[in-house]
Amino acid sequence: MSDTLASTLPTAGAGRPSRSSMPIFDWLLAVAVVALAAVMARAIWFTPPEALQGEAQKIFYLHVPSAVVGLYLACPLVAIGGAMYLWLRDDRLDRLAESSAEVALVFLSIVLVTGPLWGKPIWGTWWTWDARLTSTLFLWFILLGYTVLRGAIEDRQQRARYSAVLGILASLLVPFIHLSVRLFRTMHPQPIVLAPEKPKLSAEMGLTLSLAFIAFTLLFIALLRGRLKYAALRDRVEALEAGDA
Numbered sequence: 043m044s045d046t047l048a049s050t051l052p053t054a055g056a057g058r059p060s061r062s063s064m065p066i067f068d069w070l071l072a073v074a075v076v077a078l079a080a081v082m083a084r085a086i087w088f089t090p091p092e093a094l095q096g097e098a099q100k101i102f103y104l105h106v107p108s109a110v111v112g113l114y115l116a117c118p119l120v121a122i123g124g125a126m127y128l129w130l131r132d133d134r135l136d137r138l139a140e141s142s143a144e145v146a147l148v149f150l151s152i153v154l155v156t157g158p159l160w161g162k163p164i165w166g167t168w169w170t171w172d173a174r175l176t177s178t179l180f181l182w183f184i185l186l187g188y189t190v191l192r193g194a195i196e197d198r199q200q201r202a203r204y205s206a207v208l209g210i211l212a213s214l215l216v217p218f219i220h221l222s223v224r225l226f227r228t229m230h231p232q233p234i235v236l237a238p239e240k241p242k243l244s245a246e247m248g249l250t251l252s253l254a255f256i257a258f259t260l261l262f263i264a265l266l267r268g269r270l271k272y273a274a275l276r277d278r279v280e281a282l283e284a285g286d287a
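Just so you know, the working numbering puts the end of the sequence shown at 287, numbered straight through with nothing missing.
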């Protein structure tokens, strides 16, 4: 584990939590929120609408980066953290998997809300059971089950093992979700990221999308860092309480 992660996730043997370990202001989260607000303002007021979809297409700048961050950043970290925990039995890796799963759940929730908001004016329906939508919803339920499982098991090591296996299995859905628009007949647009032939965007749209990716990545890092700090503090408090018992 790196020194940065080790300093972010203190060991259970450290002293009682101090005020310095619980900062009130998170500058990275503030920067991410400001960047996200700026990108959304640019998308709404300064980026031209798409010729066929009109203003509804602007949901794209919220929907696509959320999907990319949730599927291609957060979910792989769930699998990596879980697999590495099963190998090394390091609680910090379990915290990484746990925190990544909860952050993935947040971003995929945004995806599942913004998708129907776009689908209604474009497809004429809020929801259709096509392969990509259904598999994304299935992944969301697995991640929700992951968080429920962690809350239902009291033994820390058993909880970490079971959730690691579930997290790895959940992440195996990501390649299927990505390829679903090519493997099945679907109404969903072709992928924007990791696509052999990328859809053509105007310069203004491309710039706005790129800025949205940056803003959502900053938000992901800020949320993950905050969740890791919370998990480390929680485990430290639990260790102290167990020592006082």
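From the three backbone atoms N, C-alpha and C, an ideal C-beta is built for every residue, glycine too.
These figures come from a predicted structure and were not determined experimentally.
Inter-residue Cα distance where the pair is residue i and residue j
i, j, result
"E283", "G193", "18 angstroms"
"A93", "L186", "38 angstroms"
"S244", "M82", "17 angstroms"
"L157", "G285", "Position check: residue 157 holds Gly in this sequence, whereas Leu was assumed. G157 and G285: Cα-Cα distance of roughly 48 angstroms."
"P217", "L251", "23 angstroms"
"G161", "T189", "29 angstroms"
"R201", "A281", "16 angstroms"
"D172", "L71", "35 angstroms"
"G248", "R198", "46 angstroms"
Beta-carbon gap between residue i and residue j smaller than 8 angstroms
i, j, result
"A139", "G96", "no"
"R174", "S222", "yes"
"A273", "S141", "yes"
"V145", "L266", "yes"
"A254", "Y114", "no"
"W182", "L215", "no"
"D133", "G123", "no"
Other residues of its chain near residue i: CB distance less than 7 angstroms, five sequence neighbours each side excluded
i, result
"A56", "Confidence in A56 is poor, its pLDDT being 46 and thus under 50, which makes the residue's placement unreliable; the coordinate value appears in the next sentence. For A56, where only same-chain residues beyond five positions count, the Cβ hits under 7 angstroms are R278."
"H105", "V153, T156, G157 and W160"
"Q99", "P91 and E92"
"G166", "none"
"R269", "S141, E144 and V145"
"G112", "A146, F149, L150 and V153"
Short CB-CB distance (under 8 angstroms) between residue i and chain B
i, result
"D277", "Included in the structure is just one protein chain, with no chain B present."
Whole-angstrom C-beta distance between residue j and residue i, which should lie under 8 angstroms
i, j, result
"A206", "L128", "5 angstroms"
Own chain, CB closer than 8 angstroms to residue i, minus 5 neighbours either side, in chain order
i, result
"A9", "Outside the modelled stretch of the chain, which goes from 43 to 287, sits residue 9, for which no answer is possible."
"Y204", "L191 and I195"
"E246", "F88, T89 and P90"
Contact set for residue i: own chain, Cβ-Cβ below 6 angstroms, skip 5 residues either direction
i, result
"S108", "F149, I152 and V153"
"C117", "A146, S213 and V216"
Residue i: CB within 7 angstroms of a non-hydrogen atom of the ligand MG
i, result
"L181", "In terms of ligand content, the structure shown is empty, and the ligand MG therefore cannot be addressed."
Notebook entry, point to check: Is the segment 76 to 87 touching the segment 161 to 179 in the sense that three or more CB pairs, one from each, lie closer than 8 angstroms?
Noted result: No: the two stretches stay apart, fewer than three of their Cβ pairs being nearer than 8 angstroms.
Notebook entry, point to check: Is the number of C-beta pairs between the segment 259 to 270 and the segment 74 to 83 that are closer than 8 angstroms three or more?
Noted result: Contact holds: three or more Cβ-Cβ distances are below 8 angstroms.
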